[in-house]
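Report on the structure given below.
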Ligand code: PSU
Ligand code: MN
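Residue numbers (my numbering): 16 to 321.
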């Protein structure tokens, strides 16, 4: 029985009923991750890419207190235009937003929760949250990591930005038993760049191998998800020195201005975009499209074989 707070769009409901592949997409990237109107254009383009690769897109958000899997273009436009006026909703935010009939842009954590409620196994995004630099004193660790530890969804991302402490993020995921897969790489990609200097747990090279590993995890009843890190295509990757200088500057500004809590990640993302004169936005869009393609193909294998 469907959760009483959840609404599936007619297209998503029909696809799930028929056992067709569905790919979940998040909405914090729309409201908080990119400026308007590129955020709306990108969200619609990502949905198109999922369709072209044989799956049905389910963009996820909280609207008027309803958990939504599958949005209309009008709902995507609404979330994109309202931007940071929409609450960024992680796991701890859901109870009050739902009880009060409010809107929420879902993070990786919340998108996983709602995807799992709906029965969606694969989710494509840009970057995941992780252990922030300086977490040994701030304790700023994204709820995304705890969600990966407990909710059965495969998250396909482009690695993690070095606004995070990548080494500590990998240690945390190891402790929590979350497999970190490099797609076609042994190295953890760093979002804007293909390399980070940190090793992933396993390199897998095909959607078939991703689907098989996820299926094995499910069959063993091991709880939690899987993190697939898919490097940005070479032609869109950024110069590491330039992007790392912008990230260091943004982190220093956040510290100087006393930015804290859920504001930290959106602040850093917006500053990096400004400091790179908008170039990082073009890369960001391309890597999300690249992840959507891989997610759709993997979802199709999980739906149709085995
Ligand atoms: N990192 C990115 N891009 C993003 C996010 C993180 O490179 O858009 C968003 C995602 O929605 C992620 C959330 O789930 O920020 C993590 O926020 P926090 O660090 O506050 O948990
Ligand atoms: Mn945080």
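Yeah, the Cβ is synthetic: ideal placement off N, Cα and C, and Gly gets one too.
Residue i, enclosing alpha helix (DSSP H) - first and last residue
| i | result |
| --- | --- |
| residue 227 | 222-234 |
| residue 238 | Counting along the chain, residue 238 falls outside any alpha helix (DSSP H), and DSSP gives it neither H nor E. |
| residue 154 | Element bounds for residue 154: n/a, residue is neither H nor E. |
| residue 205 | Careful: residue 205 lies outside any alpha helix (DSSP H) and carries neither H nor E. |
| residue 185 | 181-190 |
| residue 114 | 109-114 |
| residue 94 | 88-97 |
Buried versus exposed call for residue i [16 or more other C-beta atoms within 10 Å across all chains shown]
| i | result |
| --- | --- |
| residue 30 | buried |
| residue 49 | buried |
| residue 18 | exposed |
| residue 111 | exposed |
| residue 82 | buried |
| residue 310 | buried |
| residue 323 | Residue coverage of the chain in this structure runs from 16 to 321, which leaves residue 323 outside it and unanswerable. |
| residue 234 | exposed |
| residue 34 | exposed |
| residue 88 | exposed |
| residue 295 | buried |
| residue 76 | buried |
| residue 238 | exposed |
| residue 312 | buried |
| residue 320 | exposed |
| residue 127 | buried |
Coil, strand or helix - residue i by DSSP
| i | result |
| --- | --- |
| residue 255 | helix |
| residue 217 | strand |
| residue 81 | strand |
| residue 291 | coil |
| residue 243 | strand |
| residue 47 | helix |
| residue 69 | coil |
| residue 323 | The structure shown does not extend to residue 323, since the chain is modelled only from 16 through 321, so no value can be given for it. |
| residue 4 | The first residue shown for the chain is 16 and the last is 321, placing residue 4 beyond what the model contains. |
| residue 279 | helix |
| residue 33 | coil |
| residue 262 | helix |
| residue 175 | coil |
Endpoints, beta strand (DSSP E) assigned at residue i
| i | result |
| --- | --- |
| residue 198 | 195-198 |
| residue 138 | 137-139 |
| residue 102 | 102-104 |
| residue 120 | 119-121 |
| residue 40 | 37-40 |
Residue of the options minimising C-alpha distance to residue i
| i | options | result |
| --- | --- | --- |
| residue 278 | 157, 240, 238 and 318 | 157 |
| residue 10 | 139, 78 and 103 | The question about residue 10 has no answer, for the chain in this structure spans 16 to 321. |
| residue 197 | 209, 244 and 152 | 244 |
| residue 250 | 287, 280, 208 and 125 | 208 |
| residue 140 | 159, 146 and 149 | 159 |
| residue 227 | 195, 272 and 316 | 316 |
| residue 213 | 223, 202 and 221 | 202 |
| residue 152 | 53, 229 and 270 | 270 |
| residue 223 | 51, 318, 259 and 246 | 318 |
| residue 302 | 126, 240 and 57 | 57 |
| residue 242 | 36, 287 and 204 | 204 |
| residue 258 | 211, 276, 36 and 272 | 211 |
- Message: Does the contact criterion of 3 or more C-beta pairs under 8 Å hold for the segment 55-73 versus the segment 167-183?
- Response: With a cut-off of 8 Å, the segment 167-183 and the segment 55-73 do not count as touching, because too few Cβ pairs lie within range.
message = Tell me whether the segment 260-272 and the segment 217-232 touch, counting them as touching only if at least three CB pairs, one residue from each stretch, are closer than 8 Å.
response = No contact exists between the segment 260-272 and the segment 217-232.
On the three-pair Cβ rule with 8 Å, is the segment 56-66 touching the segment 19-29? No: the two stretches stay apart, fewer than three of their Cβ pairs being nearer than 8 Å.
Worksheet item: Touching or not, the segment 114-121 and the segment 181-191, by the rule of three or more beta carbon pairs under 8 Å?
Response: Judged by Cβ distances under 8 Å, the segment 114-121 makes no contact with the segment 181-191, as fewer than three pairs qualify.
Query raised in the report: Between the segment 134-142 and the segment 151-166, do at least 3 Cβ pairs fall closer than 8 Å?
Result: Cβ pair count under 8 Å is below three, so no.
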